[in-house]
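Have a look at the structure below before the remarks.
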Amino acid sequence: MADPFPSSVVAAVNKRPQMKASVPYEVFLHVVEQLIDMAKSNDTKVWSLAYNHSLATKLVLNDVNVLEDKPHSVTYKRHQKLRLVSQINQQSRRMTEKIFTRLPFMVATPDGLSRQLCPVKAYVPVTDEFVPFFTSLEEGREAEQFIYNQAVLLPSASGYALLSRIEKIFLLRLRYLITANKESLSTLIRLPNLKSITVNVGRFGKLHNRMKPGIHEVDPKKFPGLAQFCTQDSEALRTLWAGHLEARGVKLFGVIDNDQRPIMELHPSRDKIMITYIQPHADEAVEELRERMKQVLESLAI
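Letter by letter, the sequence shown follows residues 55 to 356 in this note's numbering.
Here's what the structure looks like:
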């Protein structure tokens, strides 16, 4: 694959400032900033977190989308765009890693049956989302969950640096938030720069033209799983939110599809959980799902 940036640009900024060059150091810094900015994209990468004893961090990232074609993957594109600019000199490396932290991650082995540590660290901006390790409270896996939780609650110095880069948490299931999982739920407090948590709210009923402005209680006809969680299983979350996360300004969002933007914001208090719909994302998400379902039904009819 050809280099993503012209070699003449890299050659120009690679000259040391004290040399007789036509590029002043201020221009050099500006060019580096532009090259780093070119590596940014609207593609949010989702990583899962896991424990790894062999690393100083004791934590490692896993690529959630293991089936993503490598040349088109967000991880690969970032590496191709940043590998040259990060190697110009120490200053360019510092500037790059201020925006894109280098973090260890696991990749699938060639046979696809297991994972191995990638020899090259990933470039990870704060816009990426992270799925915390969760065994779904499976019997017999308590030790796995405990070890991961301890790595977050009592992190090493490098582990804390990794945790400090996490601003967005993504939860694939409401089950992570239930009171029976309060030990894992407490690890969220250890993320010093956490800004938002997004959770898939599960099953939903008819929503078209039924999501009105204002703050509402959760309607069990619209969101049966979410309604059950709010009334029966949310005590630990409400306590955590009222005691810690609300004061820090953390937001809690809900999605009905993992590939879409949030359709609601949840507002936990000590007594209950209320919701507000996020417009126009809510209507757009419903329309997109309706269109997708229509295409599936049409394909089945052929």
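We put the beta carbon where it would ideally sit given N, CA and C, even for glycine.
Keep in mind it's a predicted model, so treat the numbers as computed, not measured.
Query                                                                                                              : Result
Start and end residues, beta strand (DSSP E) containing SER127                                                     : Unbroken run through SER127: none, as it is neither H nor E.
Simplified DSSP assignment, three categories, for LYS249                                                           : coil
Inter-stretch contact at 8 angstroms, needing at least 3 Cβ pairs: the stretch 208 to 219 / the stretch 265 to 273 : no
Start and end residues, beta strand (DSSP E) containing ILE269                                                     : 269 to 271
Bounding residues of the alpha helix (DSSP H) (the contiguous stretch that carries GLY279)                         : 278 to 282
ALA162, DSSP secondary structure in three states                                                                   : strand
Inter-residue Cα distance where the pair is SER240 and TYR79                                                       : 47 angstroms
Cβ contact (3+ pairs, closer than 8 angstroms) linking the stretch 100 to 107 and the stretch 185 to 203           : yes
Continuous alpha helix (DSSP H) stretch holding MET149: start and end                                              : 144 to 153
Backbone CA spacing between ALA162 and GLN170 [nearest angstrom]                                                   : 6 angstroms
GLU342 - DSSP class collapsed to helix/strand/coil                                                                 : helix
Which of helix, strand or coil DSSP assigns to ASP337                                                              : helix
Contiguous beta strand (DSSP E) assignments of at least 3 residues, all confined to the stretch 91 to 126          : 100 to 105, 113 to 117
Straight-line gap, MET55 to MET92 (C-alpha atoms, nearest Å)                                                       : Low local confidence applies: a pLDDT of 47 at MET55 is under 50, so the model's placement there is unreliable, with the coordinate-based value given in what follows. About 18 angstroms.
Minimum C-alpha distance to ASN96 - residue among PRO179, GLU319, ILE243                                           : PRO179
For MET73, three-class secondary structure by DSSP                                                                 : With a pLDDT of 48 at MET73, under the threshold of 50, the predicted position of this residue should be treated as unreliable, though the coordinate-derived value follows. Correct three-state label for MET73: coil.
Where the beta strand (DSSP E) through LEU171 begins and ends                                                      : 169 to 171
Exposure of ASN235, with buried meaning 16 or more beta-carbon neighbours within 10 Å                              : buried
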